[in-house]
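Residue numbers (the UniProt record's numbering): 1 to 309.
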């Protein structure tokens with residue numbers, strides 16, 4: 001939708017085109033993603049309630065898991081409802097303020113999740129490789145402090161990109177070919193040179209994702225070697241069960257985030273970018289509570305006890 005005044009007219013509202021231009025898929029996608037959203041919220045909020053209600057789960061690992069579930073629920077809430085509206089009303093506009101707000105809260109959740117995944121990996125390393133020191137190295141007080149720090153950094157980090165985003169103007173197009181206000185898509189329709197913005201995305205993405213990913217890799221490498229040295233088959237099975245679930249979630253999350261933000265100028269097709277975004281905004285928040293819960297005997301035991309009551 002070109003603006004009639006060309007470069008003289010500033011754009012303050014945008015149209016999100018969504019996942020597809022095929023009208024016959026809109027109703028189907030609305031139903032599918034509505035179900036996905038409801039399951040995501042039930043799974044993540046249910047996991048938070050289980051951890052909160054059961055004193056046996058008031059441990060560092062489950063504190064981080066509850067924080068992760070809350071982050072996933074927030075990510076899904078900031079993205080999916082707006083996408084559902086767009087499936088039913090393709091003319092629905094989103095203001096620049098709403099667009100920036102949506103990006104800010106998504107980026108906050110994504111940043112927080114990176115730090116939480118790193119902390120969960122370190123927690124498993126200490127629990128499996130140094131079990132006698134675990135109560136000292138990972139006390140509940142320290143875990144609560146680390147969780148708080150993750151959320152503080154999560155809320156502060158996007159402010160850098162929002163402040164840089166506010167210097168841009170949009171005066172040519174008001175169509176965003178995406179299903180949410182993804183910051184790289186805003187760069188494409190900016191009238192200003194967004195090179196500094198893109199550089200900051202790359203630098204901060206690298207400084208956040210690479211150290212936390214290295215923490216995860218080193219922690220699980222040490223865990224793997226420790227598991228292989230264990231003589232007890234039961235000990236191996238329990239450790240593998242816990243860590244394999246974590247690694248699956250981490251691989252999906254970091255793989256898609258790095259492809260999107262820690263790379264040179266995009267050489268991928270727009271549809272490929274949408275698929276990557278779908279993974280870390282919708283699919284992973286849906287899968288995470290089940291990945292972590294179904295392989296966790298303590299959580300499943302608590303769930304069965306609650307259902308019986």
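Every residue gets a Cβ at the ideal spot worked out from N, C-alpha and C, and that includes glycine.
Item, Value
"Cβ-based burial, residue 91 [other Cβ within 10 Å; buried from 16]", "exposed"
"Sequence-distant residues of its chain with Cβ nearer than 7 Å to residue 213 (five each side left out)", "254"
"Residue 298 versus residue 277: straight-line alpha-carbon distance, rounded", "32 Å"
"Residue 154 versus residue 225: straight-line alpha-carbon distance, rounded", "32 Å"
"Beta-carbon proximity of residue 200 to residue 164, cut-off 8 Å", "yes"
"Nonlocal neighbours in the same chain, by C-beta distance under 7 Å from residue 303, ignoring five residues either side", "50"
"Of the residues 68, 188 and 183, the one placed nearest residue 146, counting alpha carbons only", "68"
"Own chain, CB closer than 7 Å to residue 34, minus 5 neighbours either side, in chain order", "84"
"Contact belief for residue 180 with residue 79 at Cβ below 8 Å, rounded distance in angstroms", "5 Å"
"Which of helix, strand or coil DSSP assigns to residue 175", "strand"
"Element boundaries [beta strand (DSSP E), containing residue 13]", "13–16"
"DSSP beta-bridge partners of residue 95", "13"
"Boundaries of the alpha helix (DSSP H) in which residue 82 is found, first to last residue", "60–88"
"Meets three-Cβ-pair contact criterion under 8 Å: the segment 113–128 and the segment 206–220", "yes"
"Which listed residue (22, 65, 17 and 37) has its alpha carbon closest to that of residue 144", "65"
"Cβ neighbours of residue 126 in the same chain (closer than 8 Å, five flanking residues each side left out)", "133, 134, 137 and 138"
"Straight-line gap, residue 48 to residue 218 (C-alpha atoms, nearest Å)", "28 Å"
"Exposure of residue 267, with buried meaning 16 or more beta-carbon neighbours within 10 Å", "Because residue 267 carries a pLDDT of 47, less than 50, the predicted location of this residue cannot be relied on, and no value is offered for it."
"Backbone CA spacing between residue 93 and residue 183 [nearest angstrom]", "17 Å"
"Buried or exposed (CB count within 10 angstroms, at least 16 for buried), residue 185", "buried"
"Cα-Cα separation, residue 246 to residue 121", "8 Å"
"Proximity of residue 223 and residue 243 at Cβ, strictly below 8 Å", "yes"
"For residue 194 and residue 43, believed in contact at Cβ under 8 Å, the rounded distance", "Contact flag wrong, Cβ pair sits at about 37 Å."
"Classification of residue 73 by the beta-carbon crowding that lies within 10 angstroms, buried from 16 upward", "buried"
"Any non-hydrogen atom of the ligand ADP closer than 7 Å to residue 71 Cβ", "As far as ligands go, the structure on display features none, and thus does not contain the ligand ADP."
"Length at least 3, wholly inside the segment 270–309: the beta strand (DSSP E) runs in chain order", "none"
"Secondary structure of residue 108, DSSP reduced to three states", "helix"
"C-beta atoms of residue 196 and residue 176 nearer than 8 Å", "no"
"Cβ of residue 115 within 8 Å of any chain B Cβ", "Structure shown: chain B not included; a single protein chain is present."
"Collapsed DSSP secondary structure at residue 222 in the structure displayed", "helix"
"Residue 168 and residue 192 closer than 8 Å at C-beta", "yes"
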